[in-house]
């Protein structure tokens, strides 16, 4: 019976660790969102501010809880979670930002030139607003929070299994599941979010840190919504440009957004090749053996 919960190294099995942290995260989110809503109602703060405050609150909790669990309960250094403090980590973060922006931009232009989407104004007439700047902070927080939980804590916890495929796949399934409650979902969306999660896991494996997937994740989301104005996981966005879906199909993903379309599938698969080429000298066995 004990073996159900404890592995042969006398450690709590990874799945239970992840589940417990996820439960704590959601309990804290529910608690603090209730308190936040009560505070804003009591002081008659505009409801529009509640959504923004709630979003940042969720990201903070998704970041802090895994870090505290890793440091105080796992008693491991943050570098084992993927937070390497060196020049390479800084380079990986910047390179990830470049790749994220470039890859989603490729998706946008393929959809635009194939007439699967159109933009409401000329591409020479961008509509810059205050949100163009503030959204950078928002999507940076999303990238840090989701990658700290999925690639930092979940992937880090799975390393005790010493099974490369479990280490790669389990966090990717969790990442896809986290997006399962978004509107206008379709089967290809879950396949693509799983593949994106798998790409992020592969990035951590090859780069030996989570700076690369954090940068990629943040800029993919930022350029998708706040620049190109594409639907982001089923949620309409107003960016520098406003993209309009001409007709719902498997190419553009319809109202799900590009993640529900085949173009993203192809671009993400190409991402594995790019990462393999750029990090071919990295020794991924180091990260597995911990």
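In our numbering, the protein residues as written are 3 to 292.
We treat Cβ as the ideally placed atom computed from N, Cα and C, and that holds for glycine.
Can you tell me whether residue i is buried or exposed? The criterion is at least 16 other CB atoms within 10 Å of its CB, across all chains shown.
{"i": "residue 44", "result": "exposed"}
{"i": "residue 160", "result": "buried"}
{"i": "residue 185", "result": "exposed"}
{"i": "residue 153", "result": "buried"}
{"i": "residue 141", "result": "buried"}
{"i": "residue 164", "result": "exposed"}
{"i": "residue 11", "result": "exposed"}
{"i": "residue 276", "result": "exposed"}
{"i": "residue 167", "result": "exposed"}
{"i": "residue 128", "result": "exposed"}
{"i": "residue 292", "result": "Since pLDDT at residue 292 reaches only 45, below the 50 mark, its modelled position is unreliable, and no value is offered."}
{"i": "residue 260", "result": "buried"}
{"i": "residue 6", "result": "exposed"}
{"i": "residue 195", "result": "buried"}
{"i": "residue 288", "result": "Bear in mind that the predicted position of residue 288 carries a pLDDT of just 45, short of 50, making it unreliable; the figure below should be weighed with that in mind. Answer is exposed; the Cβ neighbour count stays below 16."}
{"i": "residue 209", "result": "buried"}
{"i": "residue 19", "result": "buried"}
{"i": "residue 279", "result": "exposed"}
{"i": "residue 258", "result": "buried"}
At which residues does the alpha helix (DSSP H) containing residue i begin and terminate?
{"i": "residue 23", "result": "16-44"}
{"i": "residue 90", "result": "89-115"}
{"i": "residue 12", "result": "It is not in any alpha helix (DSSP H) - residue 12 carries neither H nor E in the DSSP assignment."}
{"i": "residue 151", "result": "Element bounds for residue 151: n/a, residue is neither H nor E."}
{"i": "residue 131", "result": "Here residue 131 belongs to no alpha helix (DSSP H), and DSSP marks it neither H nor E."}
{"i": "residue 264", "result": "264-280"}
From this set, the options, which residue's C-alpha is nearest residue i's C-alpha?
{"i": "residue 187", "options": "276, 86, 250", "result": "250"}
{"i": "residue 93", "options": "40, 215, 173", "result": "215"}
{"i": "residue 248", "options": "70, 11, 117", "result": "117"}
{"i": "residue 21", "options": "139, 56, 68", "result": "68"}
{"i": "residue 72", "options": "155, 246, 175", "result": "155"}
{"i": "residue 108", "options": "59, 269, 79", "result": "269"}
{"i": "residue 82", "options": "180, 145, 36, 212", "result": "212"}
{"i": "residue 122", "options": "208, 260, 239", "result": "239"}
{"i": "residue 16", "options": "139, 169, 96", "result": "169"}
{"i": "residue 232", "options": "102, 256, 272, 48", "result": "256"}
{"i": "residue 59", "options": "78, 70, 89, 28", "result": "28"}
{"i": "residue 55", "options": "97, 139, 253, 208", "result": "139"}
{"i": "residue 147", "options": "37, 34, 62", "result": "62"}
{"i": "residue 205", "options": "51, 174, 53", "result": "174"}
{"i": "residue 203", "options": "47, 52, 158, 234", "result": "158"}
{"i": "residue 37", "options": "52, 25, 24", "result": "52"}
{"i": "residue 32", "options": "102, 192, 273, 57", "result": "57"}
{"i": "residue 126", "options": "279, 273, 91, 244", "result": "244"}
{"i": "residue 253", "options": "115, 95, 23", "result": "115"}
Could you please give the first and the last residue of the uninterrupted beta strand (DSSP E) stretch that includes residue i?
{"i": "residue 171", "result": "That residue, residue 171, is in no beta strand (DSSP E); its alpha helix (DSSP H) goes 166-180."}
{"i": "residue 247", "result": "245-247"}
{"i": "residue 119", "result": "119-121"}
Could you check how far apart the C-beta atoms of residue i and residue j are, in whole angstroms? I think they sit under 8 Å.
{"i": "residue 110", "j": "residue 222", "result": "The pair is not a contact, with the Cβ atoms about 11 Å apart (cut-off 8 Å)."}
{"i": "residue 86", "j": "residue 228", "result": "Between residue 228 and residue 86 the Cβ distance is about 28 Å, and since that is not below 8 Å, they are no contact."}
{"i": "residue 218", "j": "residue 199", "result": "With 8 Å as the limit, residue 218 and residue 199 do not qualify as a contact, their Cβ atoms being about 12 Å apart."}
{"i": "residue 13", "j": "residue 162", "result": "6 Å"}
{"i": "residue 265", "j": "residue 144", "result": "22 Å between Cβ atoms; not a contact."}
{"i": "residue 151", "j": "residue 64", "result": "5 Å"}
Does residue i have its Cβ less than 7 Å from a Cβ in chain C?
{"i": "residue 11", "result": "The chain labelled as chain C is not found in the depicted structure, where only one protein chain is given."}
| message | Threshold first: 4 residues or longer. Then list the alpha helix (DSSP H) segments lying entirely within the stretch 189-235, N to C. | response | Complete alpha helix (DSSP H) runs here, min 4: 189-209, 213-224.
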